[in-house]
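Undergrad: Okay, handing you the structure first.
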Amino acid sequence: MPAVWVIDPYRAGERSQVLALAEALAWPFDIKRLRYRNYELYSNILQRSSLRGIHRGASADLTPPWPDLVLSSGFRNEPVCRWIRNQSGGSTRIVHVGNPWADPARFDLVITTPQYRIPARDNVLHNSLTLNAVSQQRLRSEAALWEQYYADLPAPYTGVLVGGDSGPYTFGKRAAARLAEEVNRLAGRCGGSVLITTSARTSQGAAEVLQAGLRAPHRFYLWCADDAGNPYFGILSLASQLVVTGDSIGMLSEACSAGKPVYLFDLGRGRHSMQPGAAGNWRDNDWRLGGFLYRLLMRYLWQKLSRDIRLMHRQVVADGRAAWLGDPAPAAARVGGDMPAAVAAVRNLFPE
Numbered sequence: 007m008p009a010v011w012v013i014d015p016y017r018a019g020e021r022s023q024v025l026a027l028a029e030a031l032a033w034p035f036d037i038k039r040l041r042y043r044n045y046e047l048y049s050n051i052l053q054r055s056s057l058r059g060i061h062r063g064a065s066a067d068l069t070p071p072w073p074d075l076v077l078s079s080g081f082r083n084e085p086v087c088r089w090i091r092n093q094s095g096g097s098t099r100i101v102h103v104g105n106p107w108a109d110p111a112r113f114d115l116v117i118t119t120p121q122y123r124i125p126a127r128d129n130v131l132h133n134s135l136t137l138n139a140v141s142q143q144r145l146r147s148e149a150a151l152w153e154q155y156y157a158d159l160p161a162p163y164t165g166v167l168v169g170g171d172s173g174p175y176t177f178g179k180r181a182a183a184r185l186a187e188e189v190n191r192l193a194g195r196c197g198g199s200v201l202i203t204t205s206a207r208t209s210q211g212a213a214e215v216l217q218a219g220l221r222a223p224h225r226f227y228l229w230c231a232d233d234a235g236n237p238y239f240g241i242l243s244l245a246s247q248l249v250v251t252g253d254s255i256g257m258l259s260e261a262c263s264a265g266k267p268v269y270l271f272d273l274g275r276g277r278h279s280m281q282p283g284a285a286g287n288w289r290d291n292d293w294r295l296g297g298f299l300y301r302l303l304m305r306y307l308w309q310k311l312s313r314d315i316r317l318m319h320r321q322v323v324a325d326g327r328a329a330w331l332g333d334p335a336p337a338a339a340r341v342g343g344d345m346p347a348a349v350a351a352v353r354n355l356f357p358e
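When we follow this note's numbering, the leftmost residue of the sequence shown carries the number 7, and every step to the right adds one.
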């Protein structure tokens, strides 16, 4: 059985993907957490194999026996992974999840999704959804845990997963008011109740407008860090249909993996819409300096420096895994998303 090291990603979204993959492989693994130096950018830009970017004394022990497999993600971790492979005499395989800074040829396998625009290669797996820990077993256990909490609300349930500002898109008070109205219409057609949760990126002002605008029976959870009472997975398991704000690729992937019909909410209007050719006046959008600058970045600078989440939206809609809110209902995707394809690709690195 291969020995596996997980080089801990430093961003939460990437960490959840890599850990989900490690768990799904069902091989024993060690997590190596690193502390980075302020000038680690040097070794990454030059694409070297080096530990110069980390504080070795404050980081996990990187000593033999060397692993057969390294799982990682993130710009800062790439030189460390290459250094480990060099120390092993080239026998360690490197699997990178997400958007690699170096040429994909420098990895044994890259597992990615459309928003990063990675060209097709034999060692690149293009999934429609990001990797996640949604499974039939977890959905059943979460349903049993949360069904009494929501028992006083009439079924069926419409789950609403709310994100926030992301790249060129802004989820402010105007978008929140539109979301409330569209959820009211959807719940009015289907009956039942709305189960809604915000997230770490949801601003207080947007959350307040959204909650105030809901007329359907509902329960509203305001996100709080490290709260064991967060009903996120309860909503995924109990809802008959799900609405996801289009800014969050992670929540979209988890919603599609739950096997429910999924609706995407467009944060933009008119020329700033997430949907190609969508109607609306762009002046009705929430404005944010960071969003304006990101649009300039996407339009004029090197694509490697940005991501285009519209490509992810187009893929899941084309696959029939989601539909735009207001369009006819999408089909329910199978539970588990694209994890089986990722597990098979990693296992194929070890044919013996």
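We put the CB at the ideal spot given by N, CA and C, even for glycine.
Rounded to whole angstroms, how far is the Cβ of Leu216 from the Cβ of Val168, which I believe are closer than 8 Å?
TA: That belief holds up - the Cβ atoms of Leu216 and Val168 are roughly 7 Å apart, short of 8 Å.
Undergrad: Tell me, which residues are paired with Gly286 by DSSP?
TA: Answer by DSSP bridge pairing: none, since Gly286 is not bridged.
Undergrad: Throw me the rounded Cβ distance for the Leu273 and Tyr175 pair, which I believe falls under 8 Å.
TA: The Cβ separation is near 4 Å, so the contact holds.
Undergrad: Restricting to Cα atoms, I'd like to know which of Lys266, Phe113, Asn44, Arg21 is closest to Arg340.
TA: The shortest C-alpha separation from Arg340 is found at Lys266.
Undergrad: Suppose only complete runs of 4+ residues qualify. What are the alpha helix (DSSP H) ranges in the segment 194 to 244, listed by chain order?
TA: With a minimum length of 4 residues, the continuous alpha helix (DSSP H) runs that stay inside the segment 194 to 244 are 210 to 219, 238 to 244.
Undergrad: For the putative contact between Leu244 and Leu201, defined by C-beta atoms under 8 Å, what is the C-beta separation to the nearest angstrom?
TA: About 7 Å; that satisfies the 8 Å criterion.
Undergrad: Going by beta-carbon coordinates alone, are Leu355 and Leu115 separated by less than 8 Å?
TA: Yes. Within cutoff.
Undergrad: Taking only the alpha-carbon atoms, compute the straight-line gap between Gln210 and Ala337 and give it to the nearest angstrom.
TA: About 33 Å.
Undergrad: Where do the N-terminal and C-terminal ends of the beta strand (DSSP E) with His102 fall, by residue?
TA: Run containing His102: 99 to 103, per the beta strand (DSSP E) assignment.
Undergrad: Which same chain residues, not among the five before or five after Asn92, have their C-beta less than 8 Å away from its C-beta?
TA: So the qualifying residues of the chain are Ser55.
Undergrad: Among Cys230, Arg43, Gly95, Leu75, which residue has its Cα nearest to the Cα of Arg82?
TA: Measuring from the Cα of Arg82, the nearest candidate turns out to be Arg43.
Undergrad: If you follow the alpha helix (DSSP H) that Trp293 is part of, which residue opens it and which one closes it?
TA: Per DSSP, Trp293 belongs to no alpha helix (DSSP H) and is neither H nor E.
Undergrad: Val166 and Val249 look like a contact to me (Cβ under 8 Å); what is the Cβ gap, rounded to whole Å?
TA: Yes, they are in contact, since the Cβ atoms of Val166 and Val249 sit about 5 Å apart, within 8 Å.
Undergrad: Given Tyr227, which residues of its chain have a CB within under 6 Å of its CB, disregarding the five upstream and five downstream residues?
TA: Result list for Tyr227: Thr203, Pro237, in chain order.
Undergrad: Within the same chain, show all residues whose beta-carbon is closer than 6 Å to that of Ala9, passing over the 5 residues directly before and after it, in chain order.
TA: So the qualifying residues of the chain are Pro73, Asp74.
Undergrad: With distance defined between alpha-carbon atoms, name the residue in Leu131, Ala161, Arg41, Gly170 nearest to Ile117.
TA: Answer by Cα proximity: Leu131.
Undergrad: In chain order, what residues of the same chain lie with their CB nearer than 6 Å to the CB of Arg277, ignoring the 5 residues before and after it?
TA: Hits under 6 Å: Trp288.
Undergrad: Could you tell me the distance, in whole angstroms, from the CA atom of Asp253 to the CA atom of Gly235?
TA: In a straight line, the C-alpha of Asp253 is about 24 Å away from that of Gly235.
Undergrad: Suppose you measure from the CA of Ala182 to the CA of Glu260; what does that come to, to the nearest Å?
TA: Ala182 and Glu260: Cα-Cα distance of roughly 22 Å.
Undergrad: Just grab the DSSP bridge partners of Gly165 for me.
TA: Leu201, Leu248.
Undergrad: Only counting the same chain, and skipping five residues up and downstream in sequence, which positions put a Cβ closer than 6 Å to that of Ala193?
TA: Around Ala193: Thr164, Val200, Ala222.
Undergrad: What residue range does the alpha helix (DSSP H) around Arg319 cover?
TA: Looking at the sequence itself, residue 319 is His, so the reference to Arg does not match. Here the alpha helix (DSSP H) through His319 covers 315 to 324.
Undergrad: If I follow the unbroken alpha helix (DSSP H) through Val24, where does it start and stop?
TA: Note, Val24: alpha helix (DSSP H), 18 to 31.
Undergrad: Compare the C-alpha of Phe239 against each of Asn105, Ala32, Ser147, Val103 and name the closest.
TA: The residue with the shortest Cα to Cα distance from Phe239 is Ser147.
Undergrad: Beta carbon of Gly286, beta carbon of Arg275: below 8 Å?
TA: Contact: yes.
Undergrad: For Lys179, name the three-state secondary structure that DSSP assigns.
TA: DSSP places Lys179 in helix when its eight states are reduced to three.
Undergrad: To the nearest angstrom, how far is the alpha carbon of Cys230 from that of Gln154?
TA: Computed Cα separation, rounded: 22 Å.
Undergrad: For the segment 70 to 132, which segments carrying the alpha helix (DSSP H) assignment without a break, of at least 4 residues, lie completely within its bounds, in sequence order?
TA: As far as the segment 70 to 132 is concerned, its whole alpha helix (DSSP H) runs of at least 4 residues are 84 to 93.
Undergrad: Mind checking whether Leu331 and Glu187 have CB atoms under 8 Å apart?
TA: Not closer than 8 Å, so no.
Undergrad: On the premise that Leu31 lies in contact with Arg14, defined as a C-beta separation below 8 Å, what is that separation, rounded to the nearest angstrom?
TA: In the sequence as presented, Arg is not what sits at residue 14; that position holds Asp. Going by Cβ atoms, the distance from Asp14 to Leu31 rounds to 16 Å, so no, they are not a contact pair.
Undergrad: Given 8 Å as the limit, is there contact between the segment 120 to 131 and the segment 307 to 317, that is, 3 or more CB pairs closer than that?
TA: Result yes; three or more Cβ-Cβ pairs closer than 8 Å.
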